[in-house]
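Here's the structure, in C-alpha coordinates; my notes come after.
In UniProt numbering, the protein residues as written are 1 to 356.
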(Lines of atoms letter the chains of each structure in order from A; the text may use other names.)
(Lines give C-alpha, C1' and ligand atoms only; values in the text may rest on other atoms or scores of the structure.)
Protein backbone atom coordinates (compact mmCIF):
# COMPACT_ATOMS: atom_id res chain seq x y z
CA UNK A 1 0.00 0.00 0.00
CA UNK A 2 1.24 3.46 -0.90
CA UNK A 3 2.18 5.55 2.12
CA UNK A 4 2.00 9.32 1.79
CA UNK A 5 2.38 12.27 4.14
CA UNK A 6 0.83 15.71 4.32
CA UNK A 7 2.89 18.19 6.32
CA UNK A 8 0.93 21.24 7.45
CA UNK A 9 3.13 24.33 7.26
CA UNK A 10 0.83 27.32 6.99
CA UNK A 11 0.96 28.70 10.53
CA UNK A 12 2.50 32.04 11.45
CA UNK A 13 4.09 31.03 14.77
CA UNK A 14 3.05 34.25 16.47
CA UNK A 15 4.04 33.11 19.97
CA UNK A 16 7.67 32.98 18.81
CA UNK A 17 7.77 36.67 17.97
CA UNK A 18 10.09 38.54 17.42
CA UNK A 19 12.12 35.77 15.73
CA UNK A 20 9.08 34.33 14.03
CA UNK A 21 7.67 36.89 11.61
CA UNK A 22 5.02 37.00 8.94
CA UNK A 23 7.65 36.47 6.24
CA UNK A 24 9.64 33.86 8.21
CA UNK A 25 7.40 31.91 10.61
CA UNK A 26 8.48 29.38 13.21
CA UNK A 27 8.46 26.26 11.02
CA UNK A 28 11.17 27.79 8.81
CA UNK A 29 13.45 28.62 11.74
CA UNK A 30 16.22 26.52 13.27
CA UNK A 31 15.63 26.17 17.01
CA UNK A 32 17.72 23.09 17.81
CA UNK A 33 21.26 24.34 17.24
CA UNK A 34 22.01 21.90 14.41
CA UNK A 35 21.23 24.37 11.63
CA UNK A 36 18.19 22.41 10.40
CA UNK A 37 14.84 24.12 10.36
CA UNK A 38 11.78 22.57 11.94
CA UNK A 39 10.17 21.72 8.61
CA UNK A 40 13.40 20.15 7.38
CA UNK A 41 13.56 17.98 10.50
CA UNK A 42 9.91 16.96 10.01
CA UNK A 43 10.59 15.73 6.48
CA UNK A 44 13.88 14.08 7.42
CA UNK A 45 12.44 12.00 10.25
CA UNK A 46 9.71 10.36 8.09
CA UNK A 47 11.88 9.49 5.08
CA UNK A 48 12.41 5.90 6.30
CA UNK A 49 8.65 5.42 5.83
CA UNK A 50 7.75 7.71 2.93
CA UNK A 51 9.42 8.41 -0.39
CA UNK A 52 10.20 12.07 -1.00
CA UNK A 53 7.87 12.14 -4.03
CA UNK A 54 4.99 11.08 -1.78
CA UNK A 55 5.41 13.92 0.71
CA UNK A 56 3.07 16.89 0.30
CA UNK A 57 3.47 20.29 1.94
CA UNK A 58 0.37 22.38 2.61
CA UNK A 59 1.32 25.98 3.22
CA UNK A 60 0.29 29.58 2.80
CA UNK A 61 0.90 30.82 -0.73
CA UNK A 62 3.25 33.45 0.70
CA UNK A 63 5.60 30.69 1.91
CA UNK A 64 6.01 28.77 -1.34
CA UNK A 65 9.46 30.23 -1.98
CA UNK A 66 10.57 29.28 1.57
CA UNK A 67 9.41 25.69 1.05
CA UNK A 68 11.23 25.50 -2.29
CA UNK A 69 14.37 26.90 -0.72
CA UNK A 70 14.40 24.67 2.34
CA UNK A 71 13.00 21.50 0.74
CA UNK A 72 14.36 21.48 -2.81
CA UNK A 73 13.80 17.70 -3.21
CA UNK A 74 10.01 17.95 -2.77
CA UNK A 75 8.29 17.86 -6.19
CA UNK A 76 6.93 21.30 -6.98
CA UNK A 77 3.47 19.93 -7.68
CA UNK A 78 3.42 18.56 -4.12
CA UNK A 79 3.61 22.04 -2.62
CA UNK A 80 -0.03 22.91 -2.04
CA UNK A 81 -0.50 26.64 -1.61
CA UNK A 82 -3.60 27.68 0.31
CA UNK A 83 -4.87 31.01 -1.04
CA UNK A 84 -6.31 31.88 2.39
CA UNK A 85 -6.33 30.44 5.90
CA UNK A 86 -9.16 27.99 6.55
CA UNK A 87 -7.97 25.90 9.53
CA UNK A 88 -7.01 22.23 9.47
CA UNK A 89 -10.11 20.51 8.01
CA UNK A 90 -9.93 22.28 4.60
CA UNK A 91 -6.12 22.00 4.71
CA UNK A 92 -6.31 18.22 5.18
CA UNK A 93 -9.09 17.95 2.62
CA UNK A 94 -6.95 19.76 0.05
CA UNK A 95 -4.10 17.35 0.66
CA UNK A 96 -6.45 14.37 0.46
CA UNK A 97 -7.84 15.26 -2.96
CA UNK A 98 -4.35 15.74 -4.38
CA UNK A 99 -3.21 12.39 -3.03
CA UNK A 100 -6.42 10.69 -4.20
CA UNK A 101 -5.87 12.08 -7.70
CA UNK A 102 -2.81 9.81 -7.89
CA UNK A 103 -3.81 6.95 -5.59
CA UNK A 104 -7.27 6.62 -4.02
CA UNK A 105 -6.16 3.76 -1.76
CA UNK A 106 -3.09 5.48 -0.28
CA UNK A 107 -2.42 5.78 3.43
CA UNK A 108 -2.19 9.44 4.45
CA UNK A 109 -0.19 10.61 7.45
CA UNK A 110 -0.92 14.17 8.60
CA UNK A 111 1.85 15.89 10.54
CA UNK A 112 2.42 19.46 11.73
CA UNK A 113 5.67 21.03 10.53
CA UNK A 114 6.65 22.66 13.82
CA UNK A 115 6.92 19.80 16.30
CA UNK A 116 10.13 18.30 17.63
CA UNK A 117 10.69 14.60 18.27
CA UNK A 118 13.52 13.38 20.47
CA UNK A 119 13.36 9.63 19.74
CA UNK A 120 12.87 9.20 16.00
CA UNK A 121 12.95 5.39 15.94
CA UNK A 122 10.18 5.19 18.54
CA UNK A 123 8.20 7.77 16.57
CA UNK A 124 8.53 5.72 13.37
CA UNK A 125 7.41 2.58 15.19
CA UNK A 126 4.30 4.43 16.40
CA UNK A 127 3.56 5.57 12.85
CA UNK A 128 3.93 1.97 11.59
CA UNK A 129 1.44 0.78 14.20
CA UNK A 130 -0.93 3.58 13.18
CA UNK A 131 -0.64 2.59 9.52
CA UNK A 132 -1.57 -1.02 10.35
CA UNK A 133 -4.69 0.12 12.19
CA UNK A 134 -5.66 2.65 9.51
CA UNK A 135 -5.66 -0.08 6.86
CA UNK A 136 -8.53 -1.87 8.63
CA UNK A 137 -12.04 -0.83 7.68
CA UNK A 138 -12.36 2.98 7.78
CA UNK A 139 -10.40 3.53 10.98
CA UNK A 140 -9.15 7.03 11.73
CA UNK A 141 -6.05 7.04 13.92
CA UNK A 142 -4.82 9.94 16.01
CA UNK A 143 -1.52 9.87 17.86
CA UNK A 144 -1.85 11.03 21.44
CA UNK A 145 0.98 11.92 23.77
CA UNK A 146 1.25 10.33 27.18
CA UNK A 147 1.18 13.34 29.54
CA UNK A 148 3.85 13.72 32.19
CA UNK A 149 2.54 16.90 33.80
CA UNK A 150 -0.87 18.69 34.01
CA UNK A 151 -0.63 20.86 30.88
CA UNK A 152 -3.43 23.40 30.43
CA UNK A 153 -2.41 24.54 26.95
CA UNK A 154 -3.32 21.34 25.08
CA UNK A 155 -6.54 19.63 24.18
CA UNK A 156 -6.89 16.08 25.48
CA UNK A 157 -8.08 12.73 24.12
CA UNK A 158 -10.18 10.53 26.44
CA UNK A 159 -9.75 6.89 25.44
CA UNK A 160 -11.42 3.65 26.47
CA UNK A 161 -8.74 1.35 27.93
CA UNK A 162 -10.99 -1.71 27.58
CA UNK A 163 -11.45 -1.43 23.80
CA UNK A 164 -8.23 -1.69 21.87
CA UNK A 165 -6.75 -2.74 18.56
CA UNK A 166 -3.15 -3.76 19.05
CA UNK A 167 -1.53 -0.89 20.96
CA UNK A 168 -4.30 1.52 20.02
CA UNK A 169 -7.36 2.37 22.11
CA UNK A 170 -10.79 3.45 20.97
CA UNK A 171 -11.34 7.17 21.45
CA UNK A 172 -14.14 8.04 23.83
CA UNK A 173 -14.11 11.79 23.22
CA UNK A 174 -11.97 14.83 22.55
CA UNK A 175 -11.89 17.45 25.31
CA UNK A 176 -10.93 21.11 25.26
CA UNK A 177 -7.99 22.71 27.06
CA UNK A 178 -8.68 22.20 30.78
CA UNK A 179 -8.01 24.36 33.79
CA UNK A 180 -5.22 23.27 36.13
CA UNK A 181 -7.37 21.23 38.51
CA UNK A 182 -9.02 19.37 35.65
CA UNK A 183 -5.63 18.77 34.01
CA UNK A 184 -4.41 17.21 37.28
CA UNK A 185 -7.44 14.91 37.26
CA UNK A 186 -6.69 13.88 33.67
CA UNK A 187 -3.08 13.13 34.56
CA UNK A 188 -4.09 10.97 37.53
CA UNK A 189 -6.69 8.97 35.61
CA UNK A 190 -4.32 7.39 33.03
CA UNK A 191 -7.12 7.55 30.46
CA UNK A 192 -6.21 10.86 28.83
CA UNK A 193 -3.60 11.79 26.25
CA UNK A 194 -2.48 15.12 24.91
CA UNK A 195 -3.94 15.83 21.48
CA UNK A 196 -0.88 16.13 19.23
CA UNK A 197 -2.66 16.96 15.97
CA UNK A 198 -1.06 14.00 14.18
CA UNK A 199 -3.29 11.62 12.24
CA UNK A 200 -3.10 8.51 10.04
CA UNK A 201 -5.86 7.18 7.78
CA UNK A 202 -6.64 5.96 4.29
CA UNK A 203 -7.22 8.91 2.01
CA UNK A 204 -10.52 7.32 0.98
CA UNK A 205 -11.57 7.11 4.65
CA UNK A 206 -11.05 10.78 5.43
CA UNK A 207 -12.70 11.90 2.19
CA UNK A 208 -15.70 9.71 3.03
CA UNK A 209 -15.93 11.35 6.46
CA UNK A 210 -15.69 14.83 4.95
CA UNK A 211 -18.49 13.90 2.55
CA UNK A 212 -20.60 12.62 5.47
CA UNK A 213 -20.07 15.41 7.99
CA UNK A 214 -19.01 18.39 5.83
CA UNK A 215 -20.89 17.93 2.53
CA UNK A 216 -20.51 21.53 1.38
CA UNK A 217 -16.76 21.37 1.96
CA UNK A 218 -16.62 18.04 0.13
CA UNK A 219 -18.40 19.54 -2.87
CA UNK A 220 -15.92 22.43 -3.00
CA UNK A 221 -12.98 20.05 -2.72
CA UNK A 222 -14.28 17.98 -5.65
CA UNK A 223 -14.44 21.14 -7.76
CA UNK A 224 -10.82 21.86 -6.89
CA UNK A 225 -9.82 18.28 -7.63
CA UNK A 226 -11.41 18.44 -11.09
CA UNK A 227 -9.25 21.45 -11.93
CA UNK A 228 -5.91 19.95 -10.80
CA UNK A 229 -3.46 20.00 -13.70
CA UNK A 230 -5.60 22.29 -15.85
CA UNK A 231 -5.00 25.95 -16.78
CA UNK A 232 -7.91 26.86 -14.46
CA UNK A 233 -6.40 25.24 -11.37
CA UNK A 234 -5.23 28.41 -9.62
CA UNK A 235 -8.46 30.27 -10.38
CA UNK A 236 -10.68 27.43 -9.13
CA UNK A 237 -8.54 26.93 -6.03
CA UNK A 238 -8.78 30.62 -5.13
CA UNK A 239 -12.54 30.68 -5.65
CA UNK A 240 -13.48 27.41 -3.99
CA UNK A 241 -11.01 27.15 -1.12
CA UNK A 242 -11.76 30.58 0.30
CA UNK A 243 -15.46 29.68 0.36
CA UNK A 244 -14.86 26.59 2.50
CA UNK A 245 -15.91 26.60 6.14
CA UNK A 246 -12.99 27.51 8.41
CA UNK A 247 -12.98 24.70 10.97
CA UNK A 248 -10.51 22.33 12.60
CA UNK A 249 -10.42 18.65 11.75
CA UNK A 250 -11.24 17.91 15.40
CA UNK A 251 -14.50 19.89 15.31
CA UNK A 252 -15.38 19.06 11.73
CA UNK A 253 -14.73 15.32 11.72
CA UNK A 254 -13.09 13.70 14.73
CA UNK A 255 -15.68 14.69 17.36
CA UNK A 256 -18.52 13.39 15.17
CA UNK A 257 -17.07 10.20 13.80
CA UNK A 258 -16.83 6.59 14.95
CA UNK A 259 -13.99 4.13 14.31
CA UNK A 260 -11.45 6.48 15.88
CA UNK A 261 -8.43 5.02 17.62
CA UNK A 262 -5.55 6.65 19.42
CA UNK A 263 -2.01 5.43 19.90
CA UNK A 264 -0.15 6.62 23.01
CA UNK A 265 3.12 8.23 21.99
CA UNK A 266 6.20 8.23 24.21
CA UNK A 267 8.83 9.45 21.79
CA UNK A 268 9.93 12.77 23.29
CA UNK A 269 7.36 15.01 21.59
CA UNK A 270 7.29 18.79 21.94
CA UNK A 271 4.97 21.08 20.03
CA UNK A 272 7.30 24.05 20.60
CA UNK A 273 4.28 26.21 21.31
CA UNK A 274 6.04 29.17 22.91
CA UNK A 275 9.43 30.48 24.03
CA UNK A 276 9.10 28.33 27.15
CA UNK A 277 9.79 25.30 24.95
CA UNK A 278 13.40 26.48 24.58
CA UNK A 279 14.04 25.24 28.11
CA UNK A 280 12.99 21.75 27.01
CA UNK A 281 15.00 21.87 23.79
CA UNK A 282 18.28 23.36 24.94
CA UNK A 283 20.50 22.77 27.95
CA UNK A 284 20.36 25.27 30.78
CA UNK A 285 23.40 26.31 32.80
CA UNK A 286 23.90 25.82 36.54
CA UNK A 287 21.67 28.83 37.29
CA UNK A 288 18.85 27.62 35.08
CA UNK A 289 19.55 30.11 32.28
CA UNK A 290 19.22 29.11 28.63
CA UNK A 291 21.30 31.53 26.60
CA UNK A 292 22.13 31.79 22.91
CA UNK A 293 24.16 34.52 21.26
CA UNK A 294 26.40 37.22 22.69
CA UNK A 295 25.15 37.11 26.29
CA UNK A 296 26.61 37.88 29.73
CA UNK A 297 24.60 37.15 32.87
CA UNK A 298 25.33 38.36 36.41
CA UNK A 299 23.26 37.10 39.35
CA UNK A 300 20.49 36.09 36.96
CA UNK A 301 18.46 32.88 37.26
CA UNK A 302 16.00 30.80 35.25
CA UNK A 303 15.97 33.09 32.22
CA UNK A 304 15.72 32.46 28.48
CA UNK A 305 17.95 34.93 26.64
CA UNK A 306 18.42 34.85 22.86
CA UNK A 307 20.38 37.34 20.79
CA UNK A 308 22.88 37.50 17.95
CA UNK A 309 25.80 39.92 17.49
CA UNK A 310 24.67 42.64 19.87
CA UNK A 311 25.80 42.09 23.45
CA UNK A 312 23.02 41.37 25.93
CA UNK A 313 24.09 41.98 29.54
CA UNK A 314 21.61 40.74 32.13
CA UNK A 315 22.10 41.68 35.79
CA UNK A 316 19.96 40.44 38.68
CA UNK A 317 16.99 39.23 36.66
CA UNK A 318 14.91 36.10 37.18
CA UNK A 319 12.28 34.19 35.24
CA UNK A 320 12.43 36.45 32.19
CA UNK A 321 12.38 35.83 28.46
CA UNK A 322 14.65 38.21 26.54
CA UNK A 323 14.81 37.89 22.75
CA UNK A 324 16.73 40.44 20.71
CA UNK A 325 16.59 40.74 16.92
CA UNK A 326 17.78 43.38 14.50
CA UNK A 327 14.68 45.54 14.79
CA UNK A 328 12.81 44.37 17.91
CA UNK A 329 13.46 43.21 21.47
CA UNK A 330 11.09 41.16 23.60
CA UNK A 331 11.24 41.31 27.41
CA UNK A 332 8.64 39.14 29.05
CA UNK A 333 7.90 37.38 32.32
CA UNK A 334 7.90 33.63 31.76
CA UNK A 335 4.39 33.25 33.12
CA UNK A 336 3.19 35.80 30.55
CA UNK A 337 4.62 33.94 27.53
CA UNK A 338 1.12 33.08 26.38
CA UNK A 339 0.33 36.79 26.00
CA UNK A 340 2.98 37.51 23.37
CA UNK A 341 0.28 37.34 20.69
CA UNK A 342 -1.24 40.47 22.29
CA UNK A 343 1.84 42.39 21.16
CA UNK A 344 1.04 41.51 17.57
CA UNK A 345 -2.58 42.51 18.03
CA UNK A 346 -1.41 45.89 19.33
CA UNK A 347 1.02 46.31 16.44
CA UNK A 348 -1.77 45.60 13.96
CA UNK A 349 -4.06 48.15 15.60
CA UNK A 350 -1.28 50.75 15.46
CA UNK A 351 -0.47 49.90 11.80
CA UNK A 352 3.12 49.05 12.73
CA UNK A 353 3.15 46.23 10.19
CA UNK A 354 6.91 46.41 9.65
CA UNK A 355 7.31 44.56 12.98
CA UNK A 356 4.90 41.77 12.15
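Glycine included, C-beta positions come from ideal geometry on N, C-alpha and C.
Keep in mind it's a predicted model, so treat the numbers as computed, not measured.
Should residue 151 go down as buried or exposed, given a rule of 16 or more other Cβ atoms within 10 Å for buried? buried
Using 10 angstroms around the beta-carbon of residue 82, count the other beta-carbons present and answer buried if the total reaches 16, otherwise exposed. buried
How close, in whole Å, do the beta carbons of residue 249 and residue 88 come, if the pair is a contact with beta carbons under 8 Å? 5 Å
With distances taken between CB atoms, is the gap from residue 303 to residue 313 smaller than 8 Å? no
I believe residue 305 touches residue 295 by the beta-carbon criterion, under 8 Å. Please report the beta-carbon distance rounded to the nearest angstrom. 5 Å
Helix, strand or coil at residue 103 according to DSSP, with G and I counted as helix: coil
Chain-order list of residues whose beta-carbon lies under 6 Å from that of residue 241 (same chain, five-residue window excluded): 83
Decide if residue 299 is buried, meaning its Cβ has at least 16 other Cβ atoms within 10 Å, or exposed. exposed
Find the nearest neighbour of residue 202 within the set 272, 352, 133, judged by alpha-carbon distance. 133
Does residue 8 pass the burial test, meaning 16 or more other C-beta atoms within 10 Å, or should it be called exposed? buried
Can you tell which of 257, 350, 279, 24 has its C-alpha closest to the C-alpha of residue 32? 279
Going by the beta-carbon positions, is the gap between residue 17 and residue 276 smaller than 8 Å? no
Count Cβ pairs between the region 164-183 and the region 227-236 that sit closer than 8 Å; are there 3 or more? no
What would DSSP say about residue 34, mapped onto helix, strand or coil? coil
Is the separation between the beta-carbon of residue 218 and that of residue 210 shorter than 8 Å? yes
Identify the residues that DSSP records as bridge partners of residue 155: which are they? Answer by DSSP bridge pairing: none, since residue 155 is not bridged.
Bridge partners - residue 3, DSSP secondary structure assignment: 107
Are residue 121 and residue 10 closer than 8 Å when you measure CB to CB? no
So within the region 147-214, which uninterrupted alpha helix (DSSP H) runs reach at least 4 residues, ignoring any that extend past its ends? 180-189, 203-213
Which residues mark the beginning and the end of the alpha helix (DSSP H) in which residue 247 is found? Note, residue 247: premise wrong, no alpha helix (DSSP H); not H, not E.
CA nearest to the CA of residue 29, picked from 125, 114, 226: 114
With C-beta atoms as the reference, is residue 147 less than 8 Å away from residue 193? yes
By Cβ distance below 6 Å, which residues in the same chain neighbour residue 53 in space, the five residues on each side in sequence not counted? 75
DSSP three-state label for residue 58, please. strand
Residues near residue 103 in its chain [Cβ-Cβ closer than 7 Å; skip 5 each side]: 2
Assuming residue 149 and residue 267 make a contact with CB atoms under 8 Å, what is their CB distance in whole Å? Not a contact, Cβ separation roughly 17 Å.
Tell me whether the beta-carbon of residue 200 lies closer than 8 Å to the beta-carbon of residue 106. no
Complete beta strand (DSSP E) runs within the region 242-330 (minimum length 3 residues, chain order): 260-265, 290-292, 295-298, 304-306, 312-315, 320-324
Please specify which runs of the alpha helix (DSSP H), each continuous and at least 4 residues long, are wholly inside the region 65-146, giving them in chain order. 88-102, 120-134
Candidates 73, 65, 138: closest to residue 212 by CA position: 138
Assuming residue 15 and residue 340 are in contact, meaning their beta carbons sit under 8 Å apart, how far apart are those beta carbons, in whole angstroms? 5 Å
Residue 333 vs residue 319 beta-carbon contact at 8 Å: yes
Going by C-alpha distance, which of 252, 239, 124 is nearest residue 265? 124
Who are the near neighbours of residue 348 in its chain, counting only those whose CB is closer than 8 Å to its CB and skipping five residues on each side? 356
For residue 155, which residues from the same chain have a beta carbon less than 8 Å from its beta carbon, with the 5 sequence-adjacent residues on both sides left out? 174, 175, 176, 177, 194, 195, 250
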